[in-house]
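Notes follow the structure.
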Amino acid sequence: MAPDPDRVLIFDTTLRDGEQSPGCSMTQPEKLRVARALADLGVDVIEAGFPAASRGDFEAVNAVAREVQGPIICALARCTREDIEAAAKAVAPASNRRIHVFLATSAIHREFKLNMAQDEIVRRAVEGVKSARGFCDNVEFSPEDASRTELDFLARVVEATIEAGASTINIPDTVGYTVPDEFGELFRYLRQNVRGIDKVRLSVHCHDDLGMAVANSLTAVVAGARQIECTINGIGERAGNCSLEEVVMALATRSQFFNLRTNVQTNRLYPTSRLISSITGQPIPRNKAVVGENAFAHESGIHQHGMLQNRMTYEIMRPEDVGLARSNLVLGKHSGRHAFRERVRELGFELDELELNRVFEEFKALADRKKELFDGDIEALVLRAEGAAHGPWTLQQLDVGSQLGSASAAVRLQHADGRTAQGKASGDGPVDAAYKAIEQASGISVKVRKFEVHAVTVGEDAQGETVVYVDYNDRSYRGSSLSTNIVEASCKALLEVINRIEQSQGGARAQAREAALTAKSAL
Ligand code: KIV
Ligand code: ZN
């Protein structure tokens, strides 16, 4: 069947370009959770990672390829045999897979990064595409920093890689430098000057350094691109990538202008955006287009009056179109399981019975402490349900005392192996004292790099979400927790990090034991 010329493929790179940006790294279970949410959202391609980057990256891509059905699962590779083999091996279990090879083409990258002349670039790019085709029919090629590459040389590379077997050619604005008119011209130039270009799908990949990633991507689409590479919430290197929710809603809301469609279930945008925010610990700005807290809020009297007469006076999209199903319905301790389940569903989350039971228990416990529970509270409980790292340490007791200028804390921790451990310390404030006591009890000393607290909803009894960023043995960890008591939330966030550290130390010890046994049996 011939591809639909009016369909724009959505290539999501949250797990690759998004995840490689500082503060956005995810564990393998988190990556799987995101990949499943992306499949439910209806993206066409999931770029699951860069397998040659590390063992962890390889395993995460491989797990996504094994477990996530629907979208094409793609892996990134440089134009080297080792990278391409790793990518091919990682995506092998997917029924629908792609290898994405890239090589920089601009003069500045050729001279200072690669130290290669133009002929060498063309030769390596062609070799890379051919080598990837040896493993997979579906190969994408990206000339990195395309927007700063001489047009005639870019056309030469693109033509050679099409001839070598690439089925998608992606044009990246790697450093977010281009502007819409110029970028549209670049696409028109390639379409007029590259032999064979009509046989392949043209793709666009923009970064947001000058805040134009979405505008540049849309201009490329007008000029013939039929795949957009983007990330949820626009996370990515430096200022980020083209934001998926914005570009998709621009195509949907202005469909009469663009006359193009995507396969995205737009009412899954909001829950997916919240999920990524909660996993990465990157808050969504209140005024963020499409998914920000204020995106559909109307404060001024004139606006509110207009809205009451006709919503279209000040709203170009309906909140429900992006999955924002907020209501004034407030749940409390007398709300039953049925009402709770309905609300969770309306908020865009599908939980199995086990998860629903767990979240409902937490909801009940929270309702005992807090008069009214808002949608934000329920969302936060659901998003945390699966994400939190479990054990081995749990917080059994916490006593804090605080005076002007100093504080003290005592904690008791329970370990999964049955041990209990106590710690006692004083510090600058209750959180500082409690952290020292937890470090003492667990025997793990960390360096806290960043600490954030924000209220999930409104009111004096609002739940506080605490996110803590920690360095330990040259690695960075992030933990988060939620409670109406922010000292308790802070302790649980640190405990999540300590549990991760202990789990990875346990893994490393097990690996060392296994290696010693293998070495012994080889003697
Ligand atoms: O920004 C970029 O150029 C990239 C490529 C690897 C496509 O991310
Ligand atoms: Zn990029």
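Counting in the numbering used here, the sequence shown runs from 1233 upward without gaps. Quick reminder that beta carbons are idealized off the backbone N, C-alpha and C, glycines included. What you are looking at is a predicted structure, and each value in this text was computed from that prediction instead of being measured.
Asked	Found
Just the C-alpha distance for G1619 and D1276, rounded to the nearest angstrom, thanks.	Low confidence applies to G1619: its pLDDT is 48, below 50, so where it sits in the model is not reliable, and the reading given next is rough at best. Taking the straight line joining both Cα atoms gives about 25 Å.
Which partner residues of H1570 appear in the DSSP bridge assignment?	H1570 is not bridged to any residue.
How is K1656 classed by DSSP in three states: helix, strand or coil?	strand
For my contact list, F1334 and E1391 are in at a C-beta cut-off of 8 Å; report their separation, rounded to the angstrom.	17 Å between Cβ atoms; not a contact.
Tell me the DSSP secondary structure of D1703 in three-state form.	strand
Quick check on D1440: buried or exposed, where buried means 16 or more other Cβ atoms within 10 Å of its Cβ?	buried
I'd like to check one pair, T1689 with S1758: are the Cβ atoms closer than 8 Å?	Residue 1758 cannot be examined here, being either before or after the span of the chain that is shown, 1233 to 1755.
Within the same chain, show all residues whose beta-carbon is closer than 8 Å to that of E1552, passing over the 5 residues directly before and after it, in chain order.	N1499
Could you check if N1473 belongs to the surroundings of ligand 4, using beta carbon to heavy atom distance under 7 Å?	With respect to ligand 4, the structure offers nothing, as its ligand set consists of ligand 1 and ligand 2.
Check whether the segment 1282-1301 touches the segment 1256-1265, taking contact to mean three or more Cβ pairs, one atom from each stretch, closer than 8 Å.	yes
Between A1234 and Q1459, what straight-line distance do the alpha-carbon atoms span, to the nearest angstrom?	16 Å
Throw me the rounded Cβ distance for the L1726 and I1670 pair, which I believe falls under 8 Å.	6 Å
G1288 lies in the alpha helix (DSSP H); which residues open and close that run?	1287-1299
Taking the straight line between their C-alpha atoms, what separation do you get for G1661 and A1639?	5 Å
Does DSSP put T1504 in a helix, a strand or coil?	helix
So, for F1243: in the same chain, excluding its five sequence neighbours on each side, which residues have a beta-carbon less than 6 Å away from its beta-carbon?	V1277, Q1459, E1461
Which value, in whole angstroms, describes the spacing of the CA atoms of N1495 and L1588?	29 Å
Which residues in the same chain have their Cβ closer than 6 Å to the Cβ of V1678, if we skip the five residues on either side of it in sequence?	V1702, Y1704
Is the distance from the Cβ of F1419 to the Cβ of D1405 below 8 Å?	no
Three-state secondary structure (DSSP) at T1494?	coil
For the beta strand (DSSP E) that D1430 lies in, which residues bound it at each end?	Unbroken run through D1430: none, as it is neither H nor E.
Would you call the segment 1584-1601 and the segment 1541-1556 in contact, with 3 or more CB pairs under 8 Å?	no
Do you know how far the Cα of L1579 is from the Cα of K1603?	21 Å
What's the C-alpha gap between S1435 and P1325?	25 Å
If contacts are defined as beta-carbon pairs under 8 Å, then A1297 and V1323 qualify, I think. What distance do you get, rounded to the angstrom?	5 Å
What whole-angstrom Cβ distance do I1331 and A1364 have, given they're in contact under 8 Å?	4 Å
Do the segment 1561-1577 and the segment 1534-1552 meet, that is, are 3 or more Cβ pairs less than 8 Å apart?	no
Give the straight-line distance between the Cα atoms of A1742 and S1374, rounded to the nearest whole angstrom.	Low confidence applies to A1742: its pLDDT is 46, below 50, so where it sits in the model is not reliable, and the reading given next is rough at best. Rounded to whole angstroms, A1742 to S1374 spans 40 Å at the Cα level.
With DSSP as the reference, label T1463 as helix, strand or coil.	strand
How is T1393 classed by DSSP in three states: helix, strand or coil?	helix
Check for me: the alpha helix (DSSP H) holding A1271 runs from which residue to which?	1260-1273
Any heavy atom of ligand 2 closer than 7 Å to the Cβ of P1404?	yes
Let's see if you can read the secondary structure: which residues bound the alpha helix (DSSP H) around G1633?	Taken as a continuous stretch (DSSP letters only), G1633 belongs to no alpha helix (DSSP H), being part of the beta strand (DSSP E) at 1625-1635.
Drop a sphere of 10 angstroms on the beta-carbon of S1222, count the other beta-carbons inside from all chains shown, and report buried for 16 or more, exposed for fewer.	Residue coverage of the chain in this structure runs from 1233 to 1755, which leaves residue 1222 outside it and unanswerable.
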